[in-house]
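The structure appears right after this line, and notes come after that.
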Amino acid sequence: MARIPASHISDNPTGTGDHSASRRVIKSGRLGLPAGRVLIGAPSRAAEPARVEHGVQPAPAAAVNGPSVEELQQRLASTQRSMERRIAKEVAEAREAALEEGFAKGQAAATEHLETERQALLKAVAGVDRAWETLSDNCEPLLAELAFKMCESILQSPLPEQLRTLSTGALSDALESLSDSKSVQVSLHPADYMMLDESGVLVPLTRNHPNIVWRTDASLERGDWEASSDEAVIRRVARELLADLRGRLSHLDGEEG
Numbered sequence: 024m025a026r027i028p029a030s031h032i033s034d035n036p037t038g039t040g041d042h043s044a045s046r047r048v049i050k051s052g053r054l055g056l057p058a059g060r061v062l063i064g065a066p067s068r069a070a071e072p073a074r075v076e077h078g079v080q081p082a083p084a085a086a087v088n089g090p091s092v093e094e095l096q097q098r099l100a101s102t103q104r105s106m107e108r109r110i111a112k113e114v115a116e117a118r119e120a121a122l123e124e125g126f127a128k129g130q131a132a133a134t135e136h137l138e139t140e141r142q143a144l145l146k147a148v149a150g151v152d153r154a155w156e157t158l159s160d161n162c163e164p165l166l167a168e169l170a171f172k173m174c175e176s177i178l179q180s181p182l183p184e185q186l187r188t189l190s191t192g193a194l195s196d197a198l199e200s201l202s203d204s205k206s207v208q209v210s211l212h213p214a215d216y217m218m219l220d221e222s223g224v225l226v227p228l229t230r231n232h233p234n235i236v237w238r239t240d241a242s243l244e245r246g247d248w249e250a251s252s253d254e255a256v257i258r259r260v261a262r263e264l265l266a267d268l269r270g271r272l273s274h275l276d277g278e279e280g
């Protein structure tokens, strides 16, 4: 706002009796404005300093409405219980998660351990099988040789009564198979012939097979005999049996090799 210079204003008392108020007229000629009056307010007076009365207490401030101590304690207890429930829930969830993780790890470790033990057991069983096969392969020739030696010892030893009876039965079966022949010649060791004669076996054999011709042959071993006809020959010779047995065993060993 522009300030009006004092030279452009004239004083004109209002006549109201108030000496503090007056009318001031702006000199229009100097402002280049139409003539007229402008009311100018009285100048403001300086504010008086506030007076302070000693010994007078200020009025107390109005009480603020808020929760009581009991309400605050109840709120605190409720908040504490809520936090305890939340903490307990989080602890339970963490414990359950840890248990599940521990169970999974333990199960995986146990499964791996059992698989390792199973593989070790399978390897041990396979080793036992290989060892048994090796032992069997090594023992089979020894067992065959032992069986051959036993047969050889039995056949070359004097025949007991029971084996003599079996030998006589085999001779009778051979004679039956050759009964259709006109002539059957039986050769045996002289001692065996005497044994058959003394035991009374020759009589029924001769009676049942009148075409039998008995002949002793010292080249035969005890227990050996030979029944022959024009059509066939049946022999029971220990040497031949042993040779045949050894040949069969050798043949089996060759096939397995």
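Everything in the sequence shown is counted per my numbering, starting at 24 for the first residue and increasing by one.
A virtual CB, placed ideally from N, CA and C, is assigned to each residue, including glycine.
Quantities reported herein were computed from a predicted structural model and do not represent experimental measurements.
- Under the three-state reduction of DSSP output, Glu244 falls in the coil class, being neither helix nor strand.
- Here DSSP, grouped into helix, strand and coil, assigns Ser91 to coil.
- Under a 10 Å Cβ-count criterion, Ile235 is classified as buried, with 16 or more other Cβ atoms of the shown protein chains found around its own Cβ.
- In the same chain as Leu225, and ignoring 5 residues on each side of it, the C-beta atoms closer than 6 Å to its own belong to Leu219, in chain order.
- Bounds of the alpha helix (DSSP H) holding Val226 are Leu225 to Asn231.
- Secondary structure note for Ser222: its alpha helix (DSSP H) is the uninterrupted segment Pro213 to Ser222.
- Under the three-state reduction of DSSP, Ser251 is assigned to strand.
- Under DSSP, Val114 forms no beta bridge with any residue.
- CA-CA distance, Leu137 to Ala115, rounds to 32 Å.
- Separation of the CB atoms of Ala250 and His212 is rounded to 14 Å, and the pair is thereby denied contact status at 8 Å.
- As DSSP reads the structure, Trp237 sits in a beta bridge with Val209.
- In the assembly as shown, Gly246 is a buried residue. Its beta-carbon has 16 or more other beta-carbons within 10 Å.
- For Val207, the closest of Glu221, Gly223 and Trp248 by C-alpha to C-alpha distance is Trp248.
- Note on geometry: alpha-carbon atoms of Gln96 and Glu124 lie some 41 Å from one another.
- Buried is the label assigned to Leu243, since at least 16 other Cβ atoms lie within 10 Å of its Cβ.
- Inclusion of Arg238 and Ser210 in the CB contact set at 8 Å is warranted, their separation being smaller than that value.
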